[in-house]
Amino acid sequence: IVSAVEEGRIIYDNIKKFVYFLLSCNIGEILLVFVSILLNLPVPLIPIQLLWLNLVTDSFPALALGVEKGEPDIMMHKPRNPNEPILNRQMITRIIIQSVAIALTSLTAYWWGINRYGLDNILEARTIAFATLITAELLRVFSVRSPKYSIIKMGFFSNMKLIQGVSFSFFLMLIIIYIPFLNPIFSTFPLGLAEWFIILPLALIPLVLGEITKLISSKKHI
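Those letters in the sequence shown? Residues 95 to 316, by the working numbering.
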(Lines of atoms letter the chains of each structure in order from A and count residues from 1; the text may use other names and numbers.)
(Lines give C-alpha, C1' and ligand atoms only; values in the text may rest on other atoms or scores of the structure.)
Protein backbone atom coordinates (compact mmCIF):
# COMPACT_ATOMS: atom_id res chain seq x y z
CA ILE A 1 0.00 0.00 0.00
CA VAL A 2 2.83 2.38 0.90
CA SER A 3 4.57 1.71 -2.42
CA ALA A 4 1.33 2.27 -4.31
CA VAL A 5 0.75 5.60 -2.55
CA GLU A 6 4.32 6.68 -3.31
CA GLU A 7 3.99 5.73 -6.98
CA GLY A 8 0.67 7.55 -7.20
CA ARG A 9 2.21 10.71 -5.78
CA ILE A 10 5.13 10.53 -8.20
CA ILE A 11 2.79 10.08 -11.18
CA TYR A 12 0.60 12.99 -10.10
CA ASP A 13 3.62 15.25 -9.54
CA ASN A 14 5.04 14.32 -12.93
CA ILE A 15 1.74 15.15 -14.63
CA LYS A 16 1.86 18.59 -12.98
CA LYS A 17 5.45 19.11 -14.17
CA PHE A 18 4.47 18.07 -17.70
CA VAL A 19 1.53 20.52 -17.73
CA TYR A 20 3.59 23.31 -16.14
CA PHE A 21 6.39 22.97 -18.69
CA LEU A 22 4.21 22.85 -21.79
CA LEU A 23 1.79 25.57 -20.71
CA SER A 24 4.51 28.05 -19.78
CA CYS A 25 6.36 27.35 -23.05
CA ASN A 26 3.23 27.74 -25.20
CA ILE A 27 2.01 30.86 -23.41
CA GLY A 28 5.52 32.31 -23.71
CA GLU A 29 5.41 31.73 -27.46
CA ILE A 30 1.98 33.39 -27.71
CA LEU A 31 3.19 36.38 -25.70
CA LEU A 32 6.27 36.73 -27.91
CA VAL A 33 4.16 36.94 -31.06
CA PHE A 34 1.48 39.13 -29.44
CA VAL A 35 3.91 41.71 -28.04
CA SER A 36 5.77 41.85 -31.35
CA ILE A 37 2.52 42.67 -33.12
CA LEU A 38 1.74 45.36 -30.53
CA LEU A 39 5.16 46.89 -31.19
CA ASN A 40 4.39 46.85 -34.92
CA LEU A 41 7.25 44.46 -35.63
CA PRO A 42 7.22 41.60 -38.15
CA VAL A 43 6.14 38.36 -36.45
CA PRO A 44 9.25 36.72 -34.91
CA LEU A 45 8.12 33.16 -35.65
CA ILE A 46 6.43 31.82 -38.76
CA PRO A 47 3.88 28.94 -38.63
CA ILE A 48 6.29 26.15 -39.59
CA GLN A 49 8.69 27.22 -36.83
CA LEU A 50 5.87 27.17 -34.28
CA LEU A 51 4.86 23.71 -35.46
CA TRP A 52 8.45 22.52 -35.13
CA LEU A 53 8.61 23.97 -31.63
CA ASN A 54 5.40 22.38 -30.38
CA LEU A 55 5.46 19.05 -32.18
CA VAL A 56 9.17 18.22 -32.08
CA THR A 57 11.37 20.37 -29.87
CA ASP A 58 9.16 20.57 -26.76
CA SER A 59 7.92 16.99 -26.92
CA PHE A 60 11.01 15.03 -25.89
CA PRO A 61 11.87 17.01 -22.72
CA ALA A 62 8.19 17.05 -21.71
CA LEU A 63 7.92 13.27 -22.08
CA ALA A 64 11.15 12.81 -20.11
CA LEU A 65 9.57 14.68 -17.18
CA GLY A 66 7.09 11.81 -16.98
CA VAL A 67 9.80 9.42 -15.78
CA GLU A 68 11.09 11.57 -12.91
CA LYS A 69 11.77 9.45 -9.83
CA GLY A 70 10.13 11.93 -7.49
CA GLU A 71 11.39 14.25 -4.78
CA PRO A 72 13.37 12.81 -1.84
CA ASP A 73 10.69 13.64 0.73
CA ILE A 74 7.62 12.87 -1.37
CA MET A 75 6.16 10.59 1.32
CA MET A 76 6.49 13.37 3.89
CA HIS A 77 4.03 15.60 2.01
CA LYS A 78 0.58 16.08 3.45
CA PRO A 79 -2.22 14.29 1.57
CA ARG A 80 -3.53 16.59 -1.12
CA ASN A 81 -7.11 17.75 -1.27
CA PRO A 82 -8.84 15.56 -3.90
CA ASN A 83 -10.78 18.63 -5.06
CA GLU A 84 -7.62 20.67 -5.66
CA PRO A 85 -7.14 21.40 -9.38
CA ILE A 86 -3.84 20.63 -11.09
CA LEU A 87 -3.55 24.32 -11.93
CA ASN A 88 -3.55 25.69 -8.40
CA ARG A 89 -2.66 29.27 -7.49
CA GLN A 90 1.04 28.52 -7.00
CA MET A 91 1.36 26.83 -10.39
CA ILE A 92 -0.56 29.58 -12.18
CA THR A 93 1.78 32.18 -10.64
CA ARG A 94 4.84 30.25 -11.76
CA ILE A 95 3.43 29.74 -15.25
CA ILE A 96 2.90 33.50 -15.56
CA ILE A 97 6.43 34.27 -14.34
CA GLN A 98 8.05 31.75 -16.68
CA SER A 99 5.90 32.68 -19.68
CA VAL A 100 6.78 36.36 -19.32
CA ALA A 101 10.48 35.51 -18.84
CA ILE A 102 10.55 33.31 -21.96
CA ALA A 103 8.73 35.94 -24.04
CA LEU A 104 10.88 38.86 -22.88
CA THR A 105 14.21 37.07 -23.38
CA SER A 106 13.20 35.93 -26.87
CA LEU A 107 11.86 39.38 -27.71
CA THR A 108 15.11 40.96 -26.52
CA ALA A 109 17.10 38.62 -28.77
CA TYR A 110 14.73 39.42 -31.66
CA TRP A 111 15.13 43.17 -31.09
CA TRP A 112 18.90 42.77 -31.00
CA GLY A 113 18.77 40.86 -34.29
CA ILE A 114 16.65 43.56 -35.92
CA ASN A 115 19.04 46.28 -34.78
CA ARG A 116 22.04 44.28 -36.00
CA TYR A 117 20.71 43.14 -39.38
CA GLY A 118 17.82 45.54 -40.07
CA LEU A 119 14.24 44.84 -41.09
CA ASP A 120 15.39 44.10 -44.62
CA ASN A 121 17.13 40.98 -43.27
CA ILE A 122 14.37 39.74 -40.99
CA LEU A 123 15.41 36.12 -41.61
CA GLU A 124 18.45 36.56 -39.38
CA ALA A 125 16.49 38.21 -36.55
CA ARG A 126 13.83 35.48 -36.67
CA THR A 127 16.47 32.76 -36.45
CA ILE A 128 18.00 34.45 -33.41
CA ALA A 129 14.58 34.66 -31.72
CA PHE A 130 13.84 31.04 -32.69
CA ALA A 131 17.13 29.76 -31.27
CA THR A 132 16.77 31.82 -28.09
CA LEU A 133 13.24 30.55 -27.49
CA ILE A 134 14.16 26.90 -27.97
CA THR A 135 17.34 27.12 -25.90
CA ALA A 136 15.50 28.91 -23.07
CA GLU A 137 12.79 26.24 -23.01
CA LEU A 138 15.30 23.39 -23.06
CA LEU A 139 17.41 24.85 -20.28
CA ARG A 140 14.51 25.68 -17.99
CA VAL A 141 13.14 22.13 -18.12
CA PHE A 142 15.86 21.20 -15.60
CA SER A 143 14.33 23.64 -13.12
CA VAL A 144 10.84 22.21 -13.76
CA ARG A 145 11.95 18.85 -12.34
CA SER A 146 11.04 20.04 -8.86
CA PRO A 147 8.96 23.00 -7.61
CA LYS A 148 10.93 22.89 -4.35
CA TYR A 149 14.47 21.56 -4.77
CA SER A 150 17.26 23.15 -6.79
CA ILE A 151 18.91 21.52 -9.80
CA ILE A 152 21.92 20.66 -7.64
CA LYS A 153 19.75 19.02 -4.98
CA MET A 154 17.86 16.95 -7.54
CA GLY A 155 21.11 15.84 -9.20
CA PHE A 156 21.76 17.00 -12.74
CA PHE A 157 22.31 13.47 -14.08
CA SER A 158 19.63 11.69 -12.05
CA ASN A 159 17.24 11.68 -15.01
CA MET A 160 19.23 10.58 -18.02
CA LYS A 161 16.10 10.44 -20.17
CA LEU A 162 15.80 14.18 -19.71
CA ILE A 163 19.44 14.73 -20.67
CA GLN A 164 18.89 12.65 -23.81
CA GLY A 165 15.61 14.42 -24.64
CA VAL A 166 17.11 17.89 -24.27
CA SER A 167 20.22 16.94 -26.26
CA PHE A 168 18.15 15.46 -29.07
CA SER A 169 15.84 18.49 -29.22
CA PHE A 170 18.82 20.85 -29.31
CA PHE A 171 20.37 18.74 -32.07
CA LEU A 172 17.13 18.99 -34.09
CA MET A 173 17.25 22.77 -33.74
CA LEU A 174 20.86 22.88 -34.98
CA ILE A 175 19.91 20.75 -37.98
CA ILE A 176 17.36 23.21 -39.33
CA ILE A 177 19.69 26.14 -38.68
CA TYR A 178 22.92 24.76 -40.14
CA ILE A 179 21.91 22.30 -42.89
CA PRO A 180 21.65 24.48 -46.02
CA PHE A 181 18.78 22.74 -47.83
CA LEU A 182 16.57 23.04 -44.71
CA ASN A 183 17.13 26.81 -44.37
CA PRO A 184 14.59 27.85 -47.03
CA ILE A 185 12.03 25.35 -45.70
CA PHE A 186 12.17 26.67 -42.12
CA SER A 187 13.22 30.24 -43.00
CA THR A 188 16.38 29.98 -40.89
CA PHE A 189 19.87 31.41 -41.17
CA PRO A 190 23.22 29.88 -40.03
CA LEU A 191 24.15 31.68 -36.82
CA GLY A 192 27.69 32.71 -35.92
CA LEU A 193 29.48 32.98 -32.58
CA ALA A 194 28.41 36.61 -32.13
CA GLU A 195 24.77 35.56 -32.16
CA TRP A 196 25.34 32.71 -29.71
CA PHE A 197 27.07 35.06 -27.29
CA ILE A 198 23.74 36.91 -27.14
CA ILE A 199 21.46 33.87 -27.26
CA LEU A 200 23.00 31.78 -24.47
CA PRO A 201 23.02 34.42 -21.68
CA LEU A 202 19.45 35.41 -22.52
CA ALA A 203 18.31 31.78 -22.65
CA LEU A 204 19.64 31.22 -19.12
CA ILE A 205 17.35 33.87 -17.63
CA PRO A 206 14.15 31.73 -17.31
CA LEU A 207 16.19 28.92 -15.71
CA VAL A 208 17.82 31.27 -13.19
CA LEU A 209 14.48 32.94 -12.48
CA GLY A 210 12.91 29.54 -11.86
CA GLU A 211 15.59 28.66 -9.31
CA ILE A 212 15.21 32.05 -7.59
CA THR A 213 11.44 31.53 -7.40
CA LYS A 214 12.01 28.20 -5.63
CA LEU A 215 14.39 29.84 -3.16
CA ILE A 216 11.93 32.62 -2.32
CA SER A 217 9.06 30.14 -2.01
CA SER A 218 11.02 27.85 0.32
CA LYS A 219 11.98 30.78 2.60
CA LYS A 220 8.33 31.77 2.91
CA HIS A 221 7.52 28.30 4.22
CA ILE A 222 10.33 28.21 6.81
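Yeah, the Cβ is synthetic: ideal placement off N, Cα and C, and Gly gets one too.
From a predicted model like this one, the values you see are computed outputs, not experimental measurements.
As assigned by DSSP and simplified to three states, the class of residue i
i      : result
LEU198 : helix
TYR243 : coil
GLY304 : helix
PRO319 : Residue 319 lies beyond the stretch modelled for the chain, which goes from 95 to 316, so this question has no answer here.
ARG234 : helix
VAL113 : helix
GLU123 : helix
VAL161 : coil
ILE104 : helix
ILE316 : Only weak support is given to the placement of ILE316: the predicted model assigns it a pLDDT of 45, under 50, and the question is left unresolved by the model.
ILE140 : coil
ILE95  : coil
ASN215 : helix
GLU289 : helix
ILE299 : helix
ILE228 : helix
PRO179 : coil
ASN134 : coil
Whole-number beta carbon distance between residue j and residue i, since they are thought to touch under 8 Å
i      : j      : result
ILE189 : SER118 : 5 Å
LEU266 : VAL150 : 6 Å
HIS171 : ARG103 : 7 Å
GLU195 : ILE299 : Note that residue 195 is Ala in the sequence shown, not Glu. Their Cβ separation, rounded to whole angstroms, is 6 Å, which keeps ALA195 and ILE299 in contact under 8 Å.
ASN108 : GLU162 : 5 Å
Sequence-distant residues of its chain with Cβ nearer than 6 Å to residue i (five each side left out)
i      : result
ILE95  : none
LYS111 : LEU159 and VAL238
GLU231 : CYS119
SER97  : none
ILE316 : Only weak support is given to the placement of ILE316: the predicted model assigns it a pLDDT of 45, under 50, and the question is left unresolved by the model.
Sequence-distant residues of its chain with Cβ nearer than 7 Å to residue i (five each side left out)
i      : result
ILE186 : none
LEU271 : In the sequence under discussion, the amino acid at residue 271 is Ile, which differs from the Leu named in the question. THR221, ALA225, THR282, PRO284 and LEU285, listed in sequence order.
MET169 : GLU100
Cβ shell of residue i (< 8 Å), same chain only, five flanking positions each side left out
i      : result
GLU305 : SER237, SER244 and ILE245
LEU294 : THR229
Residue i CB to nearest heavy atom of the ligand NAD below 8 Å
i      : result
PRO141 : Although the ligand NAD was asked about, the structure shown includes no ligands whatsoever.
Using 8 Å as the Cβ pair cut-off and three pairs as the minimum, do the region 211-220 and the region 179-186 touch?
-> By the criterion of at least three beta-carbon pairs nearer than 8 Å, the region 211-220 is not in contact with the region 179-186.
Ordered list of alpha helix (DSSP H) runs contained in the region 240-285, each at least 4 residues = Here the runs fully enclosed are 245-248, 254-272 and 277-280.
Could you tell me whether the region 276-294 touches the region 138-148, using the rule of 3 or more Cβ pairs below 8 Å?
-> Using a C-beta cut-off of 8 Å, the region 276-294 makes contact with the region 138-148, since at least three inter-stretch Cβ pairs fall below that distance.
Okay, do the region 200-218 and the region 124-132 touch, 3+ Cβ pairs below 8 Å being the bar?
-> The region 200-218 makes contact with the region 124-132, as at least three CB pairs between them are under 8 Å.
Should the region 251-263 be regarded as contacting the region 143-159, the criterion being three or more beta carbon pairs within less than 8 Å?
-> Flag = yes, the region 251-263 and the region 143-159 touch.
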